[in-house]
Amino acid sequence: RLLIIDFGSQVTQLIARRLRELNVYCEIHPYQKVTDAFLTDFAPQAIIFSGGPDSVTREGSPRPPKSAFTLGVPILGICYGQQVMMQELGGLVESGHGTAEFGRAYVTPTERALPLLEGWFQDGREQVWMSHGDHVSRIAPGFEVYGTSPGAPFAITADPERHFYAVQFHPEVHHTPKGAKLYENFVRLAGFTGDWTMAGYREQAIEKIRERVGDKKVICGLSGGVDSSVAAVLIHEAIGDNLTCVFVDHGLLRKGEAEEVVTMFRDHYNMRLIAADESDLFLGALEGVSDPEVKRKTIGKLFIDVFQNYANQIEGAEFLAQGTLYPDVIESVSFSGGPSVTIKSHHNVGGLPEKMGLKLVEPLRELFKDEVRALGRELGLPEKFIGRHPFPGPGLAIRCPGEITREKLAILREADAVYIDQIRKHGLYDEIWQAFVAILPVRTVGVMGDGRTYDYACALRAVTSVDGMTADYYPFSHEFLGETATRIINEVKGINRVTYDITSKPPGTIEWE
Ligand code: XMP
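First residue of the sequence shown? That's 524 in this note's numbering, and the numbers climb one at a time after it.
In structure tokens, the structure reads:
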């Protein structure tokens, strides 16, 4: 496995993405944690030093442990990682002198060839993405220069004998188009064969779960989402009936969702499942509530109480399973500090294990979202289920601005079902990150047949996004929108007006509340 030492770059996670795409297993660890003892224990086959916001010229700035250089394994240093490598091995790094570079730059080769650069420089130069204030002004003994840019005379340096490579730019970002090739060459030079597959992961994960849990009982909260479902199926494969799943229906799910979960997990997978219809409780607590944050907090708190009650009924349970993913666990090296503003308080069950005295099993901790999907496929979960759009914990409550009533929820469910059906029929589902209907707290006048109607208006939402952090509205054709509006008005009693939300995020958010 490969070790990425994180010096705090915003894009360290992307390095891991690029390597996983090459079927190479890697882990990111913050520099503070990577001591000599850690390195011995981890026994990496290769190391990457990430970029970072600090300056190596500053006393006390982050350093890798000395033993990294004597392990005899290939090292690739990126940006700050290059500078720290030079500094530690006897070169010189300086600030200023007008050589800061931010954004696109072009690197040209020197006359020396380097296996790391195989397949590069096809037009005599290569576009890269730079982001550095400091620069290397003298390379370390044993190193040579293999590429230069106007602002970085030592853009690519290497000591091929020791397999130390150091670049000033960021090969992991999109704006370095050949970046993936560089990583591919690096891992090949380090002897990786790209054999890290999902089938292998499944076997390993099952072994690990058995080791951790033994013959003890495990509880898993099923939400109907991909992460908790994949975690549950995997754990079930490992320990069978010692796993009990708890699915709480808070009355804010989409049409047919609760039934689907029960059919799939109880009937198809034969799992022990407690399916609790607690809609009365939740909808009761939400009566008269229209403030979005109060809604979220009410649902979140109640969910924990309810879940805990059901979990307490499972005798002898010692573990709680969670579908935590890798991006949630990477200990990020934050230099900025300071509290960020709460836009929305997210619904999660993070505080549960301590409160309940349970130990955690998190079999997806090492995976990215798309890897979880791949694992789901490996485990035989249906494609339709694996490819599902994200759905928020508070469910339809936050798609129903203003007060929530059973009547509005029923209308919303129907409208949403028609909309999603339209999207699937037109083959657009997989192009869209998330699509849903929000029912608006206004009634408007319409005419149907010869009669006057006074019904709810709704808004269609569909966005594209890569991570939910930013998003753009999906450019449906007018034909599609027209057809969908007609279907909703004809098929859903209670709605007589359809609008399309074309706000991006930011300034909007994806959900309406
Ligand atoms: P926003 O509305 O903040 O949503 O742009 C970004 C993504 O997060 C989802 N979302 C949630 N997911 N619990 C969740 O598990 C929540 O409380 C929650 N609120 C929003 C939202 O659906 C979108 O995918």
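From the three backbone atoms N, C-alpha and C, an ideal C-beta is built for every residue, glycine too.
Predicted model, so just to flag it, every value in this text is computed and none were measured.
I need the DSSP call for D577, collapsed to helix, strand or coil.
Correct three-state label for D577: coil.
Could you check where the alpha helix (DSSP H) with E1002 kicks off and where it finishes?
Counting along the chain, the alpha helix (DSSP H) containing E1002 begins and ends at 1001-1014.
Taking A994 as the reference, which of L983, I1025, F1003 has the closest Cα?
When each option's Cα is compared against that of A994, the closest is I1025.
Counting along the chain, where does the beta strand (DSSP E) carrying L804 start and finish?
Run containing L804: none in the beta strand (DSSP E); it sits in the alpha helix (DSSP H), 802-809.
Using only alpha-carbon positions, find the residue among W956, F565, T847 that is nearest to D990.
Of the candidates W956, F565, T847, the one whose C-alpha sits nearest the C-alpha of D990 is W956.
Take L796 and list the residues in its own chain whose beta-carbon comes closer than 6 Å to its own, dropping the five residues that flank it on each side.
So the qualifying residues of the chain are C768, F788, R789.
To which residues of the same chain is G861 closer than 6 Å at the C-beta, ignoring the five residues directly before and after it?
Note that G861 has pLDDT 38, beneath the 50 cutoff, so the model's placement of it is unreliable and the number below is only indicative. If we look at G861 and ignore the five residues flanking it on each side, it has no Cβ neighbours.
Comparing alpha-carbon positions, which option in Y849, F677, A569, I1018 lies nearest R975?
Checked all of Y849, F677, A569, I1018; the closest Cα to R975 is I1018.
Please tell me whether R1065 and V968 are closer than 8 Å, where the distance is taken between their beta carbons.
Since the first and last residues shown for the chain are 524 and 1036, residue 1065 lies out of range.
To the nearest angstrom, how far is the alpha carbon of E649 from that of F709?
Near 17 Å, if we compare the C-alpha coordinates of F709 and E649.
With K1066 as the anchor, note down where its beta strand (DSSP E) starts and where it stops.
Nothing can be reported for residue 1066: it is not among the residues displayed for the chain, which extend from 524 to 1036.
What residue range does the alpha helix (DSSP H) around T563 cover?
Its alpha helix (DSSP H) spans residues 559-565.
Given this structure, state the Cα-to-Cα distance separating S868 from E816, to the nearest angstrom.
Straight-line Cα distance between these residues: approximately 7 Å.
Count the CB pairs spanning the stretch 563-581 and the stretch 607-621 that are closer than 8 Å, and state whether there are at least three.
Cβ pair count under 8 Å is three or more, so yes.
Is any heavy atom in the ligand XMP found nearer than 7 Å to the beta carbon of T1026?
False, no ligand heavy atom lies under 7 Å from that Cβ.
From V785 to D893, what does the alpha carbon distance come to, in whole angstroms?
C-alpha separation (whole angstroms): 25 Å.
Among all the DSSP beta bridges, which residues are the ones paired with W652?
Beta-bridge pairing links W652 to R627.
To the nearest whole angstrom, what separates the beta carbons of S672 and V630, a pair I think is in contact under 8 Å?
Their Cβ separation, rounded to whole angstroms, is 5 Å, which keeps S672 and V630 in contact under 8 Å.
Kindly indicate which three-state DSSP category K892 falls into: helix, strand or coil?
In this structure, K892 counts as helix in the three-state DSSP scheme.
Per DSSP, Q957 is paired with what?
V986.
Could you tell me which residues DSSP pairs with K1028 in its beta bridges?
A994, per the DSSP bridge assignment.
Which residues share a DSSP beta bridge with L887?
According to DSSP, L887 bridges with nothing at all.
Within the stretch 666-703, note down every full beta strand (DSSP E) run reaching 3 residues or more, in order along the chain.
List check, beta strand (DSSP E) in window: 667-672, 675-682, 687-690.
On a CA-only basis, which of P886, Y952, I921, L594 is nearest H912? Give me that one, please.
Among P886, Y952, I921, L594, the Cα nearest to that of H912 belongs to Y952.
Is F692 buried or exposed, if buried means 16 or more other CB atoms sit within 10 Å of its CB?
Counting Cβ neighbours within 10 Å, F692 comes out buried, since at least 16 surround it.
Nearest to Y792 by alpha carbon, out of S813, E780, L766, E544?
Nearest option by C-alpha distance: L766.
Using C-beta distances below 6 Å, list every residue in its chain close to G665, excluding the 5 sequence neighbours before and after it, in chain order.
Result list for G665: D682, in chain order.
Any heavy atom of the ligand NAD closer than 7 Å to the Cβ of R819?
You won't find the ligand NAD in this model; what it holds is the ligand XMP.
Please report the distance separating the alpha-carbon of K556 from that of I598.
Approximately 18 Å, taken between the alpha carbons.
Would you say E816 touches the ligand XMP, meaning its beta carbon is less than 7 Å from a heavy atom?
It does not: the Cβ of E816 is nowhere closer than 7 Å to a heavy atom of the ligand XMP.
For the beta strand (DSSP E) holding Y1023, just list the boundary residues, first then last.
Unbroken beta strand (DSSP E) run through Y1023: 1018-1023.
Could you check how far apart the C-beta atoms of G574 and F530 are, in whole angstroms? I think they sit under 8 Å.
The Cβ separation is near 7 Å, so the contact holds.
So who's on the other strand from R966, going by DSSP bridges?
R966 pairs with Y979.
Throw me the rounded Cβ distance for the L757 and P886 pair, which I believe falls under 8 Å.
Going by Cβ atoms, the distance from L757 to P886 rounds to 5 Å, so yes, they are a contact pair.
In the DSSP assignment, find the unbroken alpha helix (DSSP H) run with P815 in it and report its ends.
Here the alpha helix (DSSP H) through P815 covers 815-835.
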